[in-house]
Amino acid sequence: MTLKLKNKKIGIKEFIHLIVSILSLNLAFGQNPEESKFKKQNIGGGAEWNYSEAVKISDFSELLFISGQVPITNQGKVPSNIKDQCTVAWSNVEAQLKEADMTLDNLVKVTFFVSDRKYLREVGQLREQNLLNIKPALTIVITGIYNENWLLEIEAIAAK
């Protein structure tokens, strides 16, 4: 197959190369990701509990999906209480964000997997301390967790 561009015939391979080149230039000279600021709109209630029922994002250039972060320290230890485990898991979330050049402000969705309903109050308090007024969409699931020593796991989605 050949195409004719301004009296010049080119093959499909050359045409695809041309399109890829144009798209590459657009990315290279278009919006600078360092200058872009994604728009985040909190929708619905939940304000009194420091979360959003929905979060609408637009004008973003990157999405980060953070797998469940468990309460294991850099030394491979698991704290024995929920407060310390939650602190470690949050630190692990922040480490993943930092690795992707993001911060807690970039969070749009957080899911907590908690091993027992009795930990909800402490988990909620620590969530509020860590997130302040960020208010991502939030889900809390009471469930059995892979390792019986883990009392919670935190999963997140971030955008920038």
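Each number in my numbering comes from the position in the sequence shown (counting from 1) with 805 added on. Note that beta-carbon positions come from the ideal geometry of N, C-alpha and C, so glycine has one too.
Q) Which residues in the same chain as Thr944 place their Cβ atom closer than 6 Å to its Cβ, once the five residues preceding and following it in sequence are excluded? A) By one-based count along the sequence shown, residue 944 stands at place 139. Around Thr944: Thr916.
* Verify whether the separation of the beta carbon atoms of Gln890 and Leu957 is less than 7 Å. => As a first step, residue 890 must be located in the sequence shown, where it is residue number 85. As a first step, residue 957 must be located in the sequence shown, where it is residue number 152. Result yes, Cβ atoms of Gln890 and Leu957 sit closer than 7 Å.
Worksheet item: How long is the line joining the alpha carbons of Trp955 and Ser885, rounded to whole angstroms?
Response: Here residue 955 refers to the residue found at position 150 when the sequence shown is read from its first residue. Here residue 885 refers to the residue found at position 80 when the sequence shown is read from its first residue. Roughly 9 Å separates the two Cα atoms.
- Tell me whether Asn897 is buried or exposed, calling it buried when 16 or more other Cβ atoms sit within 10 Å of its Cβ. As a position in the sequence shown, residue 897 is number 92, starting the count at 1. So Asn897 ends up on the buried side.
What is the residue span of the beta strand (DSSP E) that Ile871 lies within? In the sequence shown, the residue the question calls residue 871 occupies position 66. Leu868 to Gln874 is the span of the beta strand (DSSP E), which, as asked, contains Ile871.
*asked:* Spatial neighbours of Ala964 within its chain, please: C-beta separation below 8 Å, excluding the five flanking residues on both sides.
replied: To locate residue 964, count along the sequence shown from 1; it is residue 159. Contacts found: Phe843, Lys845, Ile862, Phe865, Glu867, Leu868, Leu869, Asn911 and Val913.
Item to complete: Report yes if the C-beta distance between Ile950 and Ser920 is below 7 Å; otherwise report no.
Response: Taking the first residue of the sequence shown as position 1, residue 950 is located at position 145. Taking the first residue of the sequence shown as position 1, residue 920 is located at position 115. Contact: yes.
- Query: Helix, strand or coil for Glu958 per DSSP?
  - Reply: For the purposes of this step, residue 958 is taken as residue 153 along the sequence shown, with counting starting at 1. Strand at Glu958.
Next on the checklist: Going by C-alpha to C-alpha distance, which of Glu953, Ile871, Val946 and Pro941 sits closest to Glu904?
Outcome noted: Looking up residue 904 in the sequence shown gives position 99. If we check each option's Cα against that of Glu904, Ile871 comes out closest.
query = How many whole angstroms separate the CB atoms of Ile959 and Ala894, which I take to be in contact at a CB cut-off of 8 Å?
reply = Locating residue 959 in the sequence shown gives position 154, where the first residue counts as 1. Locating residue 894 in the sequence shown gives position 89, where the first residue counts as 1. The pair is a contact, with the Cβ atoms about 5 Å apart (cut-off 8 Å).
Self-check item: Beta-carbon contacts of Gln927 that lie in its chain and below 8 Å, excluding the five residues immediately before and after
Solution: Looking up residue 927 in the sequence shown gives position 122. The question names Gln, but residue 927 is Glu in the sequence shown. These residues qualify, in order along the chain: Ile887, Lys888 and Cys891.
| What's the gap between the Cα of Lys882 and the Cα of Leu931? | Locating residue 882 in the sequence shown gives position 77, counting from the first residue. Locating residue 931 in the sequence shown gives position 126, counting from the first residue. Looking at the two C-alpha atoms, the distance is approximately 20 Å.
Using 10 angstroms around the beta-carbon of Ile947, count the other beta-carbons present and answer buried if the total reaches 16, otherwise exposed. Walking along the sequence shown from the start, residue 947 turns up at place 142. Exposed, by the Cβ-count rule.
Open item on the list: For Met907, which residues in the same chain have their Cβ closer than 7 Å to its Cβ, ignoring the five residues on either side in sequence?
Closed with: Position 102 of the sequence shown, counting from 1, holds the residue named residue 907. The answer, listed in chain order, is Leu869, Ala963 and Lys965.
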